[in-house]
Every structure is written in structure tokens, then in C-alpha cells.
Amino acid sequence: MRKQYTTPISLASYLIIIFGLALLILTHGLVRSAGIVLPILGTSIFCYSRFSLRSAFDRHIEKSLTGDLADIGKHYCKLDVVDEKADGEGVPSRNWRSGFWVAEVVEDAKRPVIVGCVGLGKSYAYSSEDETSAELRRLVISPRYRHKGIGRKLIQTVVHFAREHQIETIYLTTSSYQQPAINLYKKLGFHLEGKREMTIQMQKWKIYAFRLNVNGYSL
Ligand SMILES: CC(C)(COP(=O)(O)OP(=O)(O)OC[C@H]1O[C@@H](n2cnc3c(N)ncnc32)[C@H](O)[C@@H]1OP(=O)(O)O)[C@@H](O)C(=O)NCCC(=O)NCCS
Numbered sequence: 001m002r003k004q005y006t007t008p009i010s011l012a013s014y015l016i017i018i019f020g021l022a023l024l025i026l027t028h029g030l031v032r033s034a035g036i037v038l039p040i041l042g043t044s045i046f047c048y049s050r051f052s053l054r055s056a057f058d059r060h061i062e063k064s065l066t067g068d069l070a071d072i073g074k075h076y077c078k079l080d081v082v083d084e085k086a087d088g089e090g091v092p093s094r095n096w097r098s099g100f101w102v103a104e105v106v107e108d109a110k111r112p113v114i115v116g117c118v119g120l121g122k123s124y125a126y127s128s129e130d131e132t133s134a135e136l137r138r139l140v141i142s143p144r145y146r147h148k149g150i151g152r153k154l155i156q157t158v159v160h161f162a163r164e165h166q167i168e169t170i171y172l173t174t175s176s177y178q179q180p181a182i183n184l185y186k187k188l189g190f191h192l193e194g195k196r197e198m199t200i201q202m203q204k205w206k207i208y209a210f211r212l213n214v215n216g217y218s219l
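Numbering (UniProt numbering), first residue to last: 1 to 219.
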């Protein structure tokens, strides 16, 4: 979200505010009244753009919470039974390539608290027929616990799991407003595969697609 302070629309609103204040200080009469209107206009544009960006994130969160995150077991932890054993439990198939992990902390001998999560599942954005790739998603760490290596640890856990389940490629997408995530993926060896632009309520979003070749990746 900090990136939003330097978007073209934010920069334009700062200019409008500064120009208005200059008019207010340096001019008189009718021109001076523009010095009152312009800072109000600039502030309104800035607030609107910030509000619309926030509501785009809120919608995304809402969609996630009512979608796959509403039933994590169903979406990420399904066992495909390929071989019924005598006890009827079966064994997981080789195509089982999804999972969901949480990071917990225990503070002051209290019960563990979940402070982060990540999921690996069937790729929405890429060919669902491809049985050797999966998509990493829902990576998030509670703000208080960020920058402590938990995000890195969760991704390493996913890569380890992928390797053990014959997954060769991990894909993911993120946006230009998630710079810490971009840094994290680059640092862990993900390759930028492509980017596209989209506009949501006057905001330009750059969507980045990253890919990690699991084979040969050193954890
Ligand atoms: C992105 C996120 C998961 C990172 O988790 P984290 O536990 O704080 O990350 P780590 O402590 O493991 O950091 C690993 C690397 O990521 C990068 N990084 C993490 N936070 C950063 C920040 N605030 N600014 C810049 N780089 C950052 C750094 O390269 C860091 O390596 P370093 O510690 O050697 O500098 C976390 O910031 C987050 O939950 N963000 C909001 C949700 C989100 O954007 N999720 C990604 C969805 S695609």
C-alpha cells in the first residue's frame, strides 16, 4: 500500500494541493479563492484513490475468505485415493499436489497462535491439465510478525513438499502494490515470467507472474 503514495494519481494530487496553497499564499481576490478549492480537490482525489485501492484489496480478501479459504480441507487437503488398502483408507495418488501450511508462535506459554499461512494448489492461471505444476497462493504473515523470516520458511516448506510430490514448477502471481512479496520471491530464486497491466477504479495495477523450477533448486 505504501507504493500508492508514489503512483501518478497521487503525485498529481500533491501537485494540485501545492499549486492551490501557492495561490492561497501569493495571490489575492478571485484567484486566491482557487487556492482554497484546489487543495480540497487534491485531497479528495488522493483520498478517493486510496479508498478505491483499499476496497479493491478488501474485495480480494472477501473473495478469498468466502472461496477457497472458507473450506481449506476441501480445496487444499483432498486425498485422491488410488489404492484401497485393507483398512479402507487408501494411499494418496502421485497427483496429489496441494497443501496448506500455517506458521504458529507460542508466546508466554500460551496456546499457539497462527501468524501466517500459505497454500499450494491447482493452478487457476495456467493449464490445469499440467500435472507437474502447481500454484502458490494465500501467502500472508500477520503484520506484527513480518520480517522475521517466517515468509521465507513457509515458501521453503512448500518447495520441499513440491519436490517430494513430483511437482516441477511452482507458479504464482502478485501485484506491484506488494513490493515486500516481490522482493521475497526474487530473493528465493523465483523468475519473473511476465507482467500485465490492468486498471481498477482509476488505479493502474501491474500483475507479475513468477515461476520457480523446483528441480535443482537449493533450499
Ligand atoms: C510478503 C510477506 C509474506 C513477507 O513475509 P515475511 O515473513 O515478512 O518475509 P521474511 O521475513 O521471510 O523476508 C524475506 C525477504 O523478503 C523481503 N522482504 C520482506 N519484507 C519486506 C519489506 N517490508 N520490504 C522489502 N523487502 C521485504 C526481503 O528480501 C527479505 O529478505 P531479508 O530479510 O534478507 O531482507 C509479508 O510481508 C506479507 O504478509 N505481506 C502482505 C501479504 C502479501 O503481500 N502476500 C503476498 C501475496 S502474493
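Where is the CB? At the ideal position from N, CA and C, for every residue including glycine.
Source: prediction; values computed, not measured.
May I ask you to check if the CB of residue i is nearer than 6 Å to at least one heavy atom of ligand 1?
| i | result |
| --- | --- |
| residue 139 | yes |
| residue 28 | no |
| residue 212 | no |
| residue 147 | yes |
| residue 42 | no |
| residue 192 | no |
| residue 174 | yes |
| residue 187 | yes |
| residue 103 | no |
| residue 207 | no |
| residue 196 | no |
| residue 152 | yes |
| residue 112 | no |
Is it true that the CB of residue j sits closer than 7 Å to the CB of residue i?
| i | j | result |
| --- | --- | --- |
| residue 118 | residue 105 | no |
| residue 41 | residue 9 | no |
| residue 185 | residue 210 | yes |
| residue 53 | residue 203 | yes |
| residue 23 | residue 34 | yes |
Quick test of your reading: residue i and residue j, contact by CB under 8 Å. State the CB separation rounded to the nearest angstrom.
| i | j | result |
| --- | --- | --- |
| residue 194 | residue 212 | Not confirmed; about 14 Å, so no contact. |
| residue 151 | residue 167 | In fact, because the Cβ distance is near 20 Å, the residues do not count as touching under 8 Å. |
| residue 103 | residue 153 | 7 Å |
Only counting the same chain, and skipping five residues up and downstream in sequence, which positions put a Cβ closer than 6 Å to that of residue i?
| i | result |
| --- | --- |
| residue 216 | none |
| residue 205 | 175, 198 |
Beta-carbon within less than 7 Å of residue i's beta-carbon, same chain only, minus the 5 sequence neighbours each way: which residues are those?
| i | result |
| --- | --- |
| residue 163 | 214 |
| residue 200 | 56 |
Could you name the residues of the same chain whose beta carbon sits closer than 8 Å to that of residue i, not counting the 5 residues immediately before and after it, in chain order?
| i | result |
| --- | --- |
| residue 158 | 99, 101, 118, 120, 136, 170 |
| residue 25 | 35 |
With respect to 6 Å, is the separation between the Cβ of residue i and the closest non-hydrogen atom of ligand 2 below this value?
| i | result |
| --- | --- |
| residue 183 | In the structure on display, ligand 2 does not appear, and the ligands it does have are ligand 1. |
*asked:* My parser needs the beta strand (DSSP E) runs of 3 or more residues fully inside the UniProt domain "N-acetyltransferase" (59 to 207); what are they?
replied: List check, beta strand (DSSP E) in window: 99 to 105, 113 to 121, 133 to 141, 169 to 175, 191 to 200.
*asked:* Which runs of the beta strand (DSSP E) at least 3 residues long sit entirely within the stretch 10 to 53? Give them in chain order.
replied: Runs of the beta strand (DSSP E) inside the stretch 10 to 53: none found.
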